[in-house]
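Novice: Got a structure for you, written out below as structure tokens; questions coming shortly.
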Amino acid sequence: MKDNFEITRGRPFPFGASIVRGGINFAVYSPYAQSVWLVLYEACVEEPIIEFPLDTSYNRTGHVWHAFIRGLDHGIKYGFRVRGSSEHNPVDERIVLLDPYAHTTCGGQIWGKPFTIERDGQRHTFRISTIPQNHFDWGQDAPLNHPLQDTIIYELHVRGYTIHPSSGVKNQGTFLGITEKIPYLEDLGITAVELMPVTDFDETANDHVNPKNGKKLMDFWGYNPISFFAPKAAYAAHNANENQIVNEFREMIKAFHQAGIEVILDMVFNHTGEGGKNGPVYHFKGFDNKVYYMIDEKTGNYLNFSGCGNTLNCNHPVVRDMILDSLRYWVMEMHVDGFRFDLASILGRGRNGEILSNPPLIERIAEDPILAKTKLIAEAWDAGGLYQVGDFPHFQRWMEWNGRYRDDVRRFIRGDRGMVGAFATRLFGSADLYQDDGREPYHSVNFVTCHDGFTLQDLVSYNQKHNWENGENNQDGADENFSWNCGIEGPSSDPQIIKLRNKQKRNFLTALLLSQGVPMLLAGDEFGRTQNGNNNAYCHDNEISWLNWDLLKQNEDLHRFTKTLIHFRKKYDMFRRQRFEIKTIDGLPEVSWHGLKPFKVDWNNPQVKWLGVLYLGLPQKKEPDVFIMFNASPHNQTFELPAIKSNKKWHLFVNTAETPPDDIYSEQKAPRLANQTKFMMEPFSSAILLGK
């Protein structure tokens, strides 16, 4: 076999495998390796067809090992073996390592059945690097570049979104599966989908067992990446070869763009699926443990700011470049529109975990010319206690998942004392967090629920987490959820409890979809999806995590409510402000706050659990005035309505206290109020009046 190939010196750049005329160039970084072998495979099998030892002089430039193999084409599969120091390369040299720059991988095509290799009498999960061709007809596809203030994000899991039989799609649980749901999403009105991790991971890497049924649990969410470049092969409906995998992803992107919907990827650059000392070996541990991970110099243990066993050494120059290369690849070759960075505060830590005042990686991402128009969203905290919501180093680019918004809105809506001021601040874009450093309301990504925690249905149905089926004795997941079960824990047939829960769900949606900033909706919340009180469903590949689309029929009224508010938000600029500054219209503030009496809010009274906000419409655009009221108290409250121009009258658009379909009207059919001076609100309700 060696006679069929010719190995020459090759080039040290670019990293990874590059198809060039006559063969393939390979380049990998491993500074302390003493020996490196290039291992070639014809298929996803344990035994390679050939190994090439790389010459320490001829095939090495600086810290990069490289070779050009004449006669190879893109169908070849490959990996590396490394012999090095116990400090930098503390792995068995027999292990074939995945190329960190591999654009596709082999070994994870069948969900739940990873390819394994035997070593010392045990089976180990194994991935082989593959080389896709970069041939795809994008047609006229181009970035959508929706303005931040116009963005409405919808967070979903690729498999969980359509794997349930009720989804009605042909290609369940795949990229093509969610493509089949684009008409639904387009009708709903969202402008961007945020996909939970789609880069390769091992879904079987979970040792826990469900104590309820004895079944092995999964790493369903995928927040333990094996690759930063390769799409998850099992998410492709057709994945017999590497070209099908990448092109199916591209087909999905192209279809979303044709519908006017952007695609944001949830990227995990804070740790990898290699875990701690006893974790598996895929790549970094073998190429250079101390470069790619933060290591305690005294103990030799992995620093664990991620809570997942290791922490990526993000601000090492080589790791920094790899992250930038990954992001550029997804933008240039896969046409992705933006990124959400999991535990993004780790991106601002130095090699020893210290907090950097001017973190170079975060700045480079913000200033990178290729990424100039991509959306950048930080989860501005980590598992090491660093919490940077409102204080993330943003360089006028970075948006933030606003955890303060989630907590304050939950607390106000459930009726906590002393929350009216915080609630108003969150409704108006969190100026306390973003105004002083020059950012605007749209830098706040507002959410009430996300994949972490309760769904919206569970938020109003459970006081406590119910994670017993996770196999961790209910110790995982957040203990404080600021939730309220409305009178009984879990499902209820009591009409009064059902009514209260329905009101509360609509109250949350009203606040979320009409707050300044960028709203993010968790997939399925618009039709009452439940996880049965599980607030950390990362491990469930079953009905707990799958969307049951039958609920859409059962809860069509909630879906209609959500959809109507989304389109209402999109129609009027007043809900998509680009500034915190409040100007005047005909001598009145364009935005004003109200208590039970106009322009009077007792901000310092902890008993005040109601609030009104009035937006004045622009006369030249013939916009209505919009008065939004919330009553989070257990008693009826009567608002004196602010006066509006004599040629306008108040009309009822939303009243969550009413039984559907009277909970929300179309603007055209919104009934005129009989009483134009007062409006009585039921306990735990919200209402929207239109002055027109």
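One rule links them: number in the numbering used here = place in the sequence shown (from 1) + 1301.
We put the CB at the ideal spot given by N, CA and C, even for glycine.
Model, not experiment: these values are computed from the prediction.
Please confirm whether Asp1589 and Ser1893 have their CB atoms less than 8 Å apart.
Specialist: Not a contact, by the Cβ cut-off of 8 Å.
Novice: Mind checking whether Gly1778 and Asn1837 have CB atoms under 8 Å apart?
Specialist: The answer is yes: Cβ separation under 8 Å.
Novice: Would you decide whether Trp1850 is buried or exposed? Buried here means 16 or more other CB atoms lie within 10 Å of its CB.
Specialist: Label assigned to Trp1850: buried.
Novice: Under three-state DSSP, which class holds Thr1500?
Specialist: In this structure, Thr1500 counts as strand in the three-state DSSP scheme.
Novice: For the stretch 1726-1746 and the stretch 1705-1716, state whether three or more C-beta atom pairs, one from each stretch, are separated by less than 8 Å.
Specialist: At 8 Å Cβ cutoff, the stretches touch.
Novice: Going by DSSP in three states, Ile1845 sits in which element: helix, strand or coil?
Specialist: Of the three classes helix, strand and coil, the one that applies to Ile1845 here is coil, per DSSP.
Novice: Taking DSSP's pairing of strands, which residues face Tyr1407 in a bridge?
Specialist: Residue identity check: residue 1407 is Cys in the sequence provided, not Tyr. Its beta-bridge partners are Ile1429.
Novice: Per DSSP, what are the beta-bridge partners of Arg1384 in this structure?
Specialist: For Arg1384, which the question treats as bridged, DSSP gives the partners Ser1336.
Novice: Could you tell me how far apart the beta carbons of Trp1769 and Pro1512 are, in whole angstroms, since I believe they sit closer than 8 Å?
Specialist: With 8 Å as the limit, Trp1769 and Pro1512 qualify as a contact, their Cβ atoms being about 7 Å apart.
Novice: Starting from Glu1781, trace the beta strand (DSSP E) in both directions and tell me its first and last residue.
Specialist: Looking at the DSSP string, Glu1781 is not in any beta strand (DSSP E), and its letter there is neither H nor E.
Novice: Quick one: Cα of Pro1315 to Cα of Asn1803, how far?
Specialist: Approximately 56 Å, taken between the alpha carbons.
Novice: Tell me, which residues are paired with Thr1865 by DSSP?
Specialist: For Thr1865, which the question treats as bridged, DSSP gives no partner whatsoever.
Novice: Restricting to Cα atoms, I'd like to know which of Lys1766, Thr1309, Asp1393, Arg1652 is closest to Asp1421.
Specialist: Among Lys1766, Thr1309, Asp1393, Arg1652, the Cα nearest to that of Asp1421 belongs to Asp1393.
Novice: Per DSSP, which one or two residues make a beta bridge with Leu1613?
Specialist: DSSP output for Leu1613 lists Tyr1594 as bridge partner(s).
Novice: If contact is defined by three or more beta carbon pairs under 8 Å, each pair taking one atom from either stretch, is the stretch 1899-1906 in contact with the stretch 1931-1951?
Specialist: Because the criterion of three Cβ pairs below 8 Å is met, the stretch 1931-1951 and the stretch 1899-1906 touch.
Novice: Whole angstroms are fine: how far does the CA of Thr1426 sit from the CA of Ile1411?
Specialist: Each residue's alpha carbon lies about 13 Å from the other.
Novice: Could you give the distance in angstroms between the alpha-carbon of Ser1646 and the alpha-carbon of Asn1611?
Specialist: Spanning the two alpha carbons is a distance of roughly 15 Å.
Novice: I need the straight-line Cα distance from Asp1451 to Thr1492, nearest angstrom please.
Specialist: Distance between the alpha carbons of Asp1451 and Thr1492: 8 Å.
Novice: State yes or no: is the C-beta of Gly1566 within less than 8 Å of the C-beta of Leu1496?
Specialist: One detail in the question is off: residue 1566 reads as Leu in this sequence, not Gly. Yes, the pair counts as a contact, with Cβ atoms nearer than the cut-off.
Novice: With respect to the beta strand (DSSP E) encompassing Met1635, which residues constitute its N-terminal and C-terminal limits?
Specialist: That residue, Met1635, is in no beta strand (DSSP E); it is neither H nor E in DSSP.
Novice: For Trp1682, does the three-state DSSP call read helix, strand or coil?
Specialist: Three-state DSSP puts Trp1682 in a strand.
Novice: Buried or exposed: where does His1936 fall if 16 or more other Cβ atoms within 10 Å of its Cβ makes it buried?
Specialist: Exposed, because fewer than 16 other Cβ atoms sit within 10 Å of the Cβ of His1936.
Novice: Quick check on this structure: which residue in Tyr1873, Leu1373, Asn1775, Lys1806 has the alpha carbon closest to the alpha carbon of Ser1784?
Specialist: When each option's Cα is compared against that of Ser1784, the closest is Lys1806.
Novice: Thinking C-alpha only, which one of Ile1546, Gly1686, Ile1351, Arg1424 is nearest Glu1655?
Specialist: It is Gly1686.
Novice: Would you tell me roughly how many angstroms separate the C-alpha atoms of Ala1910 and Asn1932, rounded to the nearest one?
Specialist: It is Lys, not Ala, that sits at residue 1910 in the sequence shown. The alpha-carbon atoms of Lys1910 and Asn1932 are separated by roughly 6 Å.
Novice: Drop a sphere of 10 angstroms on the beta-carbon of Arg1740, count the other beta-carbons inside from all chains shown, and report buried for 16 or more, exposed for fewer.
Specialist: Buried is the call here.
Novice: Would DSSP call Arg1361 helix, strand or coil?
Specialist: Of the three classes helix, strand and coil, the one that applies to Arg1361 here is strand, per DSSP.
Novice: What does the alpha-carbon distance come out to for the pair Ile1671 and Tyr1630?
Specialist: Rounded to whole angstroms, Ile1671 to Tyr1630 spans 10 Å at the Cα level.
Novice: Near Pro1660, which residues of its chain fall below 7 Å by C-beta distance, leaving aside the five closest residues on each side in sequence?
Specialist: Contacts found: Asn1616, Leu1648, Gly1649, Pro1694.
Novice: Go to Phe1693, then tell me how far its alpha helix (DSSP H) extends in each direction, as first and last residue.
Specialist: Per DSSP, Phe1693 belongs to no alpha helix (DSSP H) and is neither H nor E.
Novice: Roughly how many whole angstroms lie between the Cα atoms of Asn1808 and Thr1957?
Specialist: So the two alpha carbons sit approximately 7 Å from each other.
Novice: Relative to the alpha-carbon of Gly1888, which residue among Thr1863, Asn1905, Arg1877, Leu1919 has its alpha-carbon at the smallest distance?
Specialist: Selected option, being the one with the closest Cα: Leu1919.
Novice: Tell me where the beta strand (DSSP E) around His1895 begins and ends.
Specialist: Note, His1895: beta strand (DSSP E), 1892-1895.
Novice: Which runs of the beta strand (DSSP E) at least 3 residues long sit entirely within the stretch 1740-1781? Give them in chain order.
Specialist: List check, beta strand (DSSP E) in window: 1745-1747.
Novice: If contacts are defined as beta-carbon pairs under 8 Å, then Glu1701 and Ala1681 qualify, I think. What distance do you get, rounded to the angstrom?
Specialist: That pair is a contact at about 5 Å.
Novice: If you draw a straight line from the C-alpha of Leu1662 to the C-alpha of Arg1621, how long is it?
Specialist: Spanning the two alpha carbons is a distance of roughly 6 Å.
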